[in-house]
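Keeping their order, the protein sequence lines are chains A and B.
For reference, each letter of the first sequence is one residue, going 2 to 259 in the working numbering.
For reference, each letter of the second sequence is one residue, going 2 to 326 in the working numbering.
All residues carry an ideal CB built from backbone N, CA and C; glycine is no exception.
Quick caveat, the model's predicted, so the values are computed rather than measured.
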Amino acid sequence: MVAVEAHRPQTAAHALELQGVSRRFGGLVAVRDVWLALEPGERRAIIGPNGAGKTTLFNVITGELRPTTGTIRFFGHDVTRLPPHQRIRLGLARTYQTPLVFPRLSVADNLYLAIRGVQPWRLSLRRPRAEDPERVEVERLAERVGLRHALHALAGALSHGEQRQLELGMALASRPKLLLLDEPAAGLSPGEREQLTTLLLALEPEMTVLLIEHDMDVAFQVAQRVTVLHEGRVIAEGTPDEIAMNSTVQQVYLGGTQ
Amino acid sequence: MRKTRLLAALLLFLLLTFPLWGSAYFVGRIFTPALFFGIIALSLSLLAGYGGMVSLAQMTLAGLAGYGYGYLTITLGQPWWIGILAGLAVATLAALVFGLIAVRSTGIYFLMITVALGMVVYALANQNRSIFGGHTGILGIRAPELFGHSLVERTIFYYLCLAIGLTTYGFVRYLAGTPFGLALQALRDDPRRLSTLGYNVALHRVAAFTLSGFLAGIGGLLLVWYNGAISPTTIDLTRLINILVIAVIGGLAYAEGAFLGALVFVLVTNFASSFTQRFNTVIGLTFLAIVLFSPEGLSGIALRLWSLLRRTLLARLAPSRHTGL
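The following block contains the structure:
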């Protein structure tokens with residue numbers, strides 16, 4: 002992987018590029034001067050202790066929060082000023098730390114909405130018909146995330162683990178170029194974690210993935226590179242092995258910051 | 002499922018034959034107003050039940066359709082069909098403008114902004130003579146005439162209101178399964194999540210509000226034909242609140258609730274006045290009782306009774322059945 006990267010032409014755009022991105026909440030700087038570049042197809046994990054600014058960074062990338070300073074580029078396209086829905090339509094998708102699904106809609110409807118969100122005529126007044134390609138796609142997605150049996154259940158009635166699966170299905174529904182996963186393994190049983198890892202490893206190779214993860218097993222298996230965030234700053238970046246050996250990172254995780 | 006259909010068919014049969022066995026008073030003075038008030042309240046059910054937006058401006062939008070019709074047909078002397086088109090256009094456009102102003106806020110703030118907009122229109126109607134006719138409003142408004150019959154003749158008007166009521170009700174129910182309706186329900190539950198699926202939430206809210214304005218406008222036309230006049234009193238604060246009361250009594254989340262609530266409302270206003278001067282107190286108490294004892298409104302109560310009844314029926318029938326359910 003490293004060798005491939007070295008031969009990559011300089012001109013090709015990064016899948017995601019953050020240039021000096023900061024986000025301030027009053028006196029608190031949640032994200033501080035972050036520079037980050039993801040190659041297309043790269044799998045990158047962001048780790049860091051609680052309050053390191055990982056989720057804030059995600060919110061800035063999706064546009065749910067505006068950065069205080071800095072520029073965000075998506076495949077070379079400056080998206081810093083774009084609202085979330087327009088960034089999503091460009092090929093961005095995300096999941097949340099606590100799964101966000103629509104509890105009073107069925108699993109099928111949740112997936113269907115996610116598919117339609119990146120298509121034209123999303124405000125259509127025509128009911129989907131059984132032969133619509135989106136309906137077929139709903140079943141394919143449900144199969145992929147292991148929810149085929151629960152298609153007609155209300156999303157709110159699913160277990161925590163199943164809601165995570167559903168949310169992942171919703172994120173994949175738009176066939177994103179860049180997928181942001183916020184702690185996809187949180188609250189999952191060991192068996193579910195294994196399933197998740199298998200699913201993540203089987204993602205299309207051209208899909209770029211950025212994931213926040215506390216579970217090092219999942220993070221280090223899925224990611225080729227790891228970025229460590231601490232108090233809003235990037236303090237280390239490298240391969241999983243390099244990060245595991247890094248003394249600054251060890252200090253941060255063992256609490257020896259002073 | 003089959004039993005629910007059977008019940009619906011029975012209800013439909015009763016409604017269709019009602020003028021044959023119901024008293025003229027009930028057909029003309031109770032059920033007909035209940036139907037057009039139901040349509041106006043339905044426009045609120047759509048907004049509130051699917052979209053989580055509780056608006057108090059629905060009566061204003063309905064009234065604007067009435068004013069549009071009256072202005073075109075009476076003041077400008079245009080034929081009725083131009084009046085209908087103008088009335089619906091005015092209500093829809095006003096809803097678009099209201100929507101653009103109000104949709105950035107939610108919950109109680111949205112409610113307050115819609116009240117404020119309603120009061121602005123009320124004040125305008127009260128003071129403007131050239132178009133709104135000031136305090137007197139527009140008098141002598143006539144419903145369209147077809148084949149020598151006025152559409153407001155009792156039986157004809159009942160069937161007209163019933164047909165339009167059923168159509169709008171069916172439309173709102175149909176909407177629930179469309180991309181538009183699904184996204185509307187999704188933004189009620191989590192607008193932020195909807196935006197990170199690629200939907201423009203503000204645009205969607207405006208579109209829903211505009212659509213509700215069109216529905217309210219339909220109800221408004223029927224109302225103004227029935228009354229034969231429109232004045233600022235039709236859109237004063239009490240009338241605005243009445244629509245919310247109707248929808249809440251019936252069950253804000255149910256399309257059926259709009260009509261059920263309207264029926265109860267019309268019944269109470271008609272009969273309470275015969276034994277008390279304070280029918281507003283009776284309405285208020287009914288409202289309170291519903292909100293306190295069944296937040297889902299009468300539809301919620303009816304639904305619970307129905308499922309209870311079905312379960313007892315099924316339990317009785319179960320031994321003689323071979324197929325499982």
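Scanning chain B for C-beta atoms nearer than 9 Å to the C-beta of A/S160 yields nothing, as the closest lies near 19 Å away. In this structure, B/L118 lies near B/A58, with their beta-carbon atoms less than 8 Å apart. Against chain A, the CB of B/P20 has no partner CB under 8 Å away; the residue lies outside that interface. DSSP, reduced to helix, strand and coil, places B/R6 within a helical segment of the structure shown. Among the residues of chain B, those whose CB is under 9 Å from the CB of A/A115 are L198 and G199, following chain order. Between B/Y70 and B/A87, the C-beta spacing is below 8 Å. Residue pairing from DSSP places A/F26 in a beta bridge opposite A/L29. The beta-carbon separation of A/A174 and A/L91, rounded to 15 Å, does not stay under the 8 Å limit for a contact.
Straight through space, the alpha carbons of A/G71 and A/R128 are spaced by roughly 43 Å.
For A/M246, the closest alpha carbon among the candidates A/P206, A/V227 and A/G233 is that of A/V227. Here A/A237 is bridged, per DSSP, to A/V229. Interface residue (Cβ-Cβ distance to chain A less than 8 Å): B/T277 is not classified as such. From the beta-carbon of A/R127, the residues of chain B found nearer than 7 Å are T179. Of all C-beta pairs linking the stretch 292 to 310 of chain B to the stretch 77 to 94 of chain B, fewer than three are shorter than 8 Å, placing the two stretches out of contact. Contact annotation, B/G199 with A/G170: C-beta distance approximately 15 Å; criterion of less than 8 Å not satisfied. Three or more beta-carbon pairs separated by less than 8 Å link the stretch 175 to 190 of chain A to the stretch 85 to 104 of chain A, which places the two stretches in contact. Within chain B, no C-beta atom comes nearer than 7 Å to that of A/S248; the closest sits roughly 37 Å away. Residues of chain A with a Cβ closer than 7 Å to the Cβ of B/A49 do not exist; the shortest Cβ-Cβ separation is about 14 Å. Between B/L212 and B/F37, the C-beta gap is not smaller than 8 Å, which leaves the two residues out of contact. Residues of chain B whose Cβ lies closer than 8 Å to the Cβ of A/M171 are, in chain order, L198.
In chain B, no part has a C-beta under 7 Å from the C-beta of A/D183; the shortest such distance is about 11 Å. Between A/I244 and A/T56, the C-beta spacing is not below 8 Å. Boundaries of the beta strand (DSSP E) harbouring A/R44: R44 to I48, taken from the DSSP string. Secondary structure note for A/R149: it is in no beta strand (DSSP E), with a DSSP letter that is neither H nor E. At a cut-off of 8 Å, the C-beta of A/L106 has a neighbouring C-beta in chain B. Within the same chain, A230 come within 7 Å of B/L140 by CB-CB distance, once the 5 residues on both sides are set aside. The stretch 14 to 25 of chain A and the stretch 37 to 53 of chain A touch, with no fewer than 3 CB-CB distances between them shorter than 8 Å. The beta carbons of B/S274 and B/F280 sit closer together than 8 Å. The beta-carbon of A/L189 is placed no less than 8 Å from the nearest beta-carbon of chain B. When DSSP states are grouped into helix, strand and coil, B/D237 belongs to the coil group.
For B/A96, none of the residues of chain A pass the 9 Å Cβ criterion, the least Cβ distance being about 16 Å. Looking at the DSSP output, B/I40 sits in no beta bridge, so it has no partner there. Note on B/T93: 16 or more other CB atoms within 10 angstroms of its CB, so buried under the neighbour-count rule. For B/Q186, a Cβ of chain A is located within less than 8 Å of the residue's own Cβ. Taking a contact to require three or more Cβ pairs closer than 8 Å, the stretch 101 to 112 of chain A and the stretch 150 to 168 of chain A qualify as touching.
Listed along the chain, the chain B residues whose CB falls inside 7 Å of the CB of A/P85 are S196 and T197.
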